[in-house]
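Have a look at the structure below before the remarks.
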Amino acid sequence: MLAARARLLIITLWIGSLWTTGYVVAPTLFATLSDKVLAGTIAGKLFRIEAWLSLACAILMLLLLRFYASEENPKIRKQMFWLVLGMLACTLVGYFGLQPFMSTLRESAGAGGVMSPGARTQFGILHGVSSAFYLIQSLLGAVLVWKLR
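Right, here's the structure in full:
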């Protein structure tokens with residue numbers, strides 16, 4: 005019973021922060037701030053925090069599912085395990101895999117930033133792929149919440 009409550013708390017923190025950062029805070033920054041470079045810098049820092057939080061929540065969830073879920077229906081536990089693993093993979097690829105390339109582009113873009121003609125296309129592709137992984141992670145999170153309840 006305690007493990008189930010801990011899982012619920014971790015999932016609430018994880019999915020709530022994921023959705024709030026990606027679909028409320030980041031768009032609000034770009035809509036509110038006139039300096040898009042500043043908005044991007046702040047959003048990038050928030051996504052960095054979100055990625056580390058996702059990593060921590062995934063590890064905790066995997067441990068709880070592995071060691072403290074003997075009272076659970078094995079089929080549901082296995083589904084939750086794979087959903088958490090999928091979400092973790094999205095974080096690893098979407099942030100830790102693609103973000104270093106985006107940072108390199110940002111640093112090498114010079115005065116024009118990533119919106120200069122040379123870097124814009126490359127950055128746009130990387131940003132689009134990263135956003136797709138974020139969306140997939142968000143959808144997997146919705147399924148996980150659905151399964152948990």
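In this note's numbering, the protein residues as written are 5 to 153. The beta-carbon is built from N, C-alpha and C at its ideal position, and this holds for glycine as well.
Indicate whether residue i and residue j have their beta-carbon atoms separated by less than 8 Å.
i: residue 105; j: residue 130; result: yes
i: residue 54; j: residue 107; result: no
i: residue 62; j: residue 91; result: yes
i: residue 68; j: residue 110; result: no
i: residue 138; j: residue 98; result: yes
i: residue 46; j: residue 94; result: no
What span of residues does the alpha helix (DSSP H) with residue i cover, start to end?
i: residue 38; result: Per DSSP, residue 38 belongs to no alpha helix (DSSP H) and is neither H nor E.
i: residue 106; result: 103-112
i: residue 88; result: 78-95
i: residue 16; result: 6-24
By a C-beta neighbour count over all protein chains shown, 10 Å radius and 16 as the cutoff for buried, is residue i buried or exposed?
i: residue 41; result: exposed
i: residue 87; result: buried
i: residue 6; result: exposed
i: residue 30; result: buried
i: residue 18; result: buried
i: residue 26; result: buried
i: residue 52; result: exposed
i: residue 127; result: buried
i: residue 38; result: exposed
i: residue 132; result: exposed
i: residue 60; result: exposed
i: residue 148; result: buried
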